[in-house]
Every structure is written in structure tokens, then in C-alpha cells.
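S.K.: Top line first, the protein sequences correspond to chains G and Y. Read in my numbering, the first sequence has 209 at position 209, and its numbers run on one by one without any break. Residues are numbered in my numbering as their position in the second sequence, beginning at 1, plus a constant of 315. What follows is a structure written as C-alpha cells; I'll ask about it next.
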Amino acid sequence: MQYKDYYKVMGLSRDTGQDEIKRAYRKLARKYHPDVSKEKDAEAKFKELGEAYEVLKDPEKRAAYDQLGAHWQAGQDFRPPPNWNEGFEFRGGGFTGGDAGAFSDFFEQLFGRAGFRPAEREQYGFHARGQDSHAKIHIDLEDSFHGATRNISLSTPEMNAQGQVQVKHRSLNIKIPKGIKAGQHIRLAGQGSPGSGKGQSGDLFLEIAFNNHPLYRVSETDIYLELPIAPWEAALGAKIKVPTPEGDVDLKIPPNSRQGSKLRLTGRGLPAKTPGDFYVVLQIALPPANTEKAKAIYQKMREELDFNPRPTLGA
Amino acid sequence: MNSHDLLLVHTGTVIEEDSLTLGQLCRACGVHADWVISLVEESIIEPQGGELRLWRFSGASLVRVRSALRLQRDLGVNLAGIALALDLMEELESLRAQMKIIGHN
């Protein structure tokens, strides 16, 4: 078991006052809260922070932790000394709130097991039925476009018969209905947490998100493709083969098309009662002036075209 | 896992817009109805249907209620603060999505 330096986690020194611990926690919690933060390891950091605060905010636990001494290094192999917590009394296994099941072995060894907040379930009146659980799954755009069967893996913290929290891994084959959108949910009845006694299992709610696609971007039921075109294709018009999830289509670029123009292929977005649209966004690519010939053409354009790209700037 | 599990394909139900009752939403998020009602009063989630027993919530409400719960529990944010934070986060998300569409990853 590894020693955890709760002061280091919170960036505090050992003589920090109780008030300052609270302020430091609030600040760091905002920074690393998984709903707010975009930092990659925000969730792990937030859990670590929650655990540190759980100990340091409580004068009893903090005092017990402090008397382990300051000579330990974070990550160092740790065994609690015998009778280390003699004289300390922790209410309810030492656990007062927060997100249970997430605390480290180190915490559990010192302050006992948090359990999995069984009180909450009872408090809300669903005695026997298992809790509903939630997971976010990432699918490919094509899965929604055509419908698919996908294997997903889930990890769920569960309490075993001895009251220990264990992370259980399982995989499920699920049907992805055609036309499902990012942000929609699929409910799988009976796939949530098991019920107690003869109670039914809860349901599993899967929130759908799309993997980044190499070509397409999706917004609701509409699909967007960025299409690079040459200046003469934009100026003179052209017929270009473009990929769509249903296969290539010949797209007519009207003459005098402008950078960023959107061309719509109605009904070629995600399938639905009213199917989404497919948008092609034109990106004009400039040929590099890296040969004498190319330079000559640009020079000719400068001399012969009366073109001001900045008519609104005045200068 | 046996071979039966490997072959089993689960077909779920898609939660259509405005299909969850108050009870279903509470159960799915593990929260008390009173708290959900206070979220509705603060316009944090907006059900269809006039009176309480006819309320129907969207699938997106599941995400908002669970975020609201975490904001309150972890950061001690009050209801007005939750409403503000969720709206700003939603705006940020939609701006990020637009950036993606115009190619600034």
C-alpha cells in the first residue's frame, strides 16, 4: 500500500489552518471538477482531492493522519503502525460523505471502508430495487447511420457480500438503433445495479456520443464535410466527387462560390423521421507560388484583375 | 462469461424527447422528487406538460440533473449558481462543437 501525502495533493503545508484548507479545496475543486474541467486527468485528480479533503477538513481525522508523522513520502510503501489510531474515534467508519467507492486503499486502511452509501438508496424510498446506473458510450457515425450491434465494456463499482467495493468489468452486446443522435440515451431495463432481496435490478442508461470522424462533423442530425477546392473551381464552377456516408455523389459547385459557402444535400444527414441534411463547406486552397510558372500566373492576376480583397477596410 | 452471453444482444429503448416522468427521472438519477421540483422551479430543467403529474422530461434532463447533483454535492453551488453554471457550460459546449465544424480543433 502506498502512502498518500494529502497535504501535497492540496498544495498545502502541514501547519495550514482549517479555514484555509476549505478555501484551497473550493478553488481546486472548481479547477478539477469533471463537469467543468477539460484537463485530461481531471477525474482522477478530483477524486484524489476529494479524498485528501475528506481527511484534512475533519480535525479528528487530520490529527490522526498527522500523527503518522511527516517523514513519509508520497508513493512510499506504507503499513500503519500498530494501534496508530488509539484514542481516536471515527463516526460511522470515519466516512462522512463525498463520492464513496472511490477512495484509495490507503484511506480505507486508516479510516475504514466507506461502503457504498447504502443509506442514500433507503432515504429515497426505493428499498428493494437496484439503483439505475449511467455510462457514456462512444460510437462511430456510421453505426448510427446504418444501425449496428456493438460490444461495449463497462466498469461498475459494486459491493460484495463482505461489504468491500470492487470494480466489476463486464461487456455487453447492444443494438445501436439507426439514426440515434449524440446526447440521446438508450435505456437497458434490468442492466443497472442488482436489487436487494427479491428486488428488481435497476436500469442502465447509456448516453450516446460520436467518435471524431476523419471526414465528417455532426451537429444534431446534420452532417458537415469540409471540401477543399481550387480557386478556379470556386470561380468557374465545377463538378466534384464528394464522399457521403451513403457513398460518393457528384456535387455541382456553382460559379463564383465563396470561401466558407455551404452547399446542402437535403435529406442526406442522419436518418430520422425528418432526416438531417448533408452540408459541404467549401475551403478554397491556394496553389503555392513555388515555380516560375505559378509566380507568373499570380503576377498576371495582379496586373490584370481589378481586385480589392479589402473593400470595407477603407485604407 | 459463457458463450450464451457472448451471443446475447441487448436491445434497449431510446429515450425519446420529453418521455420521462418525474418518477422515472428521480429513479434514474437517484434523487428525491422535491429536489427535482426545485430544479424545475429554477428553470434548470424544463418539462413539457403543465401540471406536475403530466410532466415529461427529455433525455438531456438526465445529464443536467446529474451534473446539478455533482455541482451541489462537490462544490456547494446553490440552485441559482447551478443554473448559471449549466447554461454557461452548455454554451461552451456548443461553441466548441461549432469550432469543430469550421475546422479549428
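Note that CB positions come from ideal geometry on N, CA and C, so glycine has one too.
Go ahead and pull the three-state DSSP assignment for Y/I352.
M.R.: Helix.
S.K.: Apply the 10 Å Cβ neighbour rule to G/F307 and answer buried if 16 or more other Cβ atoms are within range, or exposed otherwise.
M.R.: Answer is exposed; the Cβ neighbour count stays below 16.
S.K.: Could you tell me whether any Cβ in chain G is nearer than 8 Å to the Cβ of Y/D349?
M.R.: No, no contact with chain G.
S.K.: When we look at the beta-carbon of G/Q299 and count the other beta-carbons within 10 Å, is it buried (16 or more) or exposed?
M.R.: Exposed: under 16 other Cβ atoms inside 10 Å.
S.K.: Could you work out which residue in Y/R368, Y/A343 and Y/S353 is closest to Y/A398 when comparing CA atoms only?
M.R.: Ranking Y/R368, Y/A343 and Y/S353 by Cα distance to Y/A398 puts Y/S353 first.
S.K.: Which class does Y/E362 belong to by DSSP, given the choice of helix, strand or coil?
M.R.: A small fix is needed here, since residue 362 of chain Y is Pro in this sequence, not Glu. Note: Y/P362 maps to coil in three-state DSSP.
S.K.: Roughly how many angstroms lie between the CA atoms of G/P214 and G/P309, to the nearest whole one?
M.R.: So the two alpha carbons sit approximately 32 Å from each other.
S.K.: Just tell me which of G/K293, G/H138, G/K241 and G/D5 has its CA closest to the CA of G/Q67.
M.R.: Looking at the Cα atoms, G/D5 is the closest of the given residues.
S.K.: Starting from the Cα of G/L154, find the closest Cα among G/I174, G/K181 and G/K22 and give me that residue.
M.R.: The option with the nearest alpha carbon to G/L154 is G/I174.
S.K.: Could you say if the region 53-66 of chain G and the region 408-416 of chain Y meet the contact criterion of at least three C-beta pairs nearer than 8 Å?
M.R.: As far as the Cβ criterion goes, the region 53-66 of chain G does not touch the region 408-416 of chain Y, which means the pair count is below three.
S.K.: Please go through the same chain and pick out, in chain order, the residues whose beta-carbon is closer than 6 Å to the beta-carbon of G/A148, but skip the five residues on each side of it.
M.R.: Answer for G/A148: I176, listed in chain order.
S.K.: For G/T16 and G/F78, what's the separation of their Cα atoms in angstroms?
M.R.: G/T16 and G/F78: Cα-Cα distance of roughly 24 Å.
S.K.: Which residues, in chain order, does the region 353-367 of chain Y contribute to contact with chain G at a C-beta distance below 9 Å?
M.R.: Correct list: empty, as no residue qualifies.
S.K.: With 8 Å as the threshold, decide whether the Cβ of Y/T336 is near any Cβ in chain G.
M.R.: Not one chain G Cβ lies under 8 Å of Y/T336.
S.K.: Counting beta carbon pairs with one atom in the region 346-364 of chain Y and one in the region 197-215 of chain G, are three or more of them shorter than 8 Å?
M.R.: No: the two stretches stay apart, fewer than three of their Cβ pairs being nearer than 8 Å.
S.K.: At a CB-CB cut-off below 9 Å, which residues of chain Y make contact with G/E207?
M.R.: What G/E207 touches in chain Y: G374, L377 and V378.
S.K.: Within the 8 Å Cβ cut-off, does Y/I330 reach chain G?
M.R.: By this cut-off, Y/I330 is an interface position.
S.K.: I'd like to know if G/R30 contacts chain Y, where contact means its C-beta is closer than 8 Å to some C-beta of that chain.
M.R.: At least one chain Y Cβ lies under 8 Å of G/R30.
S.K.: Check each candidate in G/K47, G/H33, G/D41 and G/S133 and name the one with the smallest Cα separation from Y/C341.
M.R.: For the residues G/K47, G/H33, G/D41 and G/S133, the minimum Cα distance to Y/C341 belongs to G/S133.
S.K.: Would you say G/R217 reaches chain Y, if we count a Cβ-Cβ gap shorter than 8 Å as a contact?
M.R.: It does: the Cβ of G/R217 has a partner Cβ on chain Y nearer than 8 Å.
S.K.: Quick one: does G/F126 have its CB under 8 Å from some CB of chain Y?
M.R.: Residue confidence is low: G/F126 scores 43 on pLDDT, short of 50, so the model does not pin down where it sits. Its coordinate-derived value is still stated next. It does: the Cβ of G/F126 has a partner Cβ on chain Y nearer than 8 Å.
S.K.: Can you tell me the Cα-Cα spacing of Y/E331 and G/S219, whole angstroms?
M.R.: The straight-line gap from Cα to Cα measures roughly 18 Å.
S.K.: What's the C-alpha gap between G/V167 and G/Q131?
M.R.: Those two C-alpha atoms are separated by around 16 Å.
S.K.: Using a Cβ-Cβ cutoff of less than 6 Å, which residues in the same chain neighbour G/L206 once the five nearest sequence positions on both sides are dropped?
M.R.: A135, I137 and I186.
S.K.: Just mark Y/V324 as buried or exposed, buried being the case when its beta carbon has 16 or more other beta carbons within 10 Å.
M.R.: Classification for Y/V324: exposed.
S.K.: Do the region 237-253 of chain G and the region 286-297 of chain G meet, that is, are 3 or more Cβ pairs less than 8 Å apart?
M.R.: Taking 8 Å as the limit for Cβ pairs, the verdict is that the region 286-297 of chain G does not touch the region 237-253 of chain G.
S.K.: Excluding the 5 residues flanking G/D105 on each side, which residues of the same chain have their C-beta closer than 7 Å to its C-beta?
M.R.: Answer for G/D105: M1, listed in chain order.
S.K.: According to the Cβ coordinates, are G/P255 and G/L227 closer than 8 Å?
M.R.: Contact flag unset, no.
S.K.: How is Y/R379 classed by DSSP in three states: helix, strand or coil?
M.R.: In the structure shown, Y/R379 sits in a helix (DSSP, three-state: H, G or I).
S.K.: I need the boundaries of the alpha helix (DSSP H) containing G/I21, first residue and last residue.
M.R.: From DSSP, the alpha helix (DSSP H) with G/I21 extends over Q18 to Y32.
S.K.: What does a CB cutoff of less than 8 Å around Y/M404 pick up in its chain, not counting 5 residues either side in sequence?
M.R.: Within the same chain, Y/M404 has close Cβ partners S382.
S.K.: Could you give the distance in angstroms between the alpha-carbon of G/G183 and the alpha-carbon of G/T221?
M.R.: The alpha-carbon atoms of G/G183 and G/T221 are separated by roughly 11 Å.
S.K.: Are G/K61 and G/F111 close, meaning C-beta to C-beta below 8 Å?
M.R.: A contact, by the Cβ cut-off of 8 Å.
S.K.: Mind pulling the alpha helix (DSSP H) runs of 4 or more residues that sit fully within the region 131-160 of chain G?
M.R.: Taking only runs of at least 4 residues, the alpha helix (DSSP H) segments lying wholly in the region 131-160 of chain G are 141-146.
S.K.: Taking just the CA atoms, how far does G/D140 sit from Y/S373?
M.R.: Approximately 23 Å, taken between the alpha carbons.
S.K.: Which term fits Y/R379, buried or exposed, when burial requires 16 or more other beta carbons within 10 angstroms of its beta carbon?
M.R.: Answer is buried; the Cβ neighbour count reaches 16.
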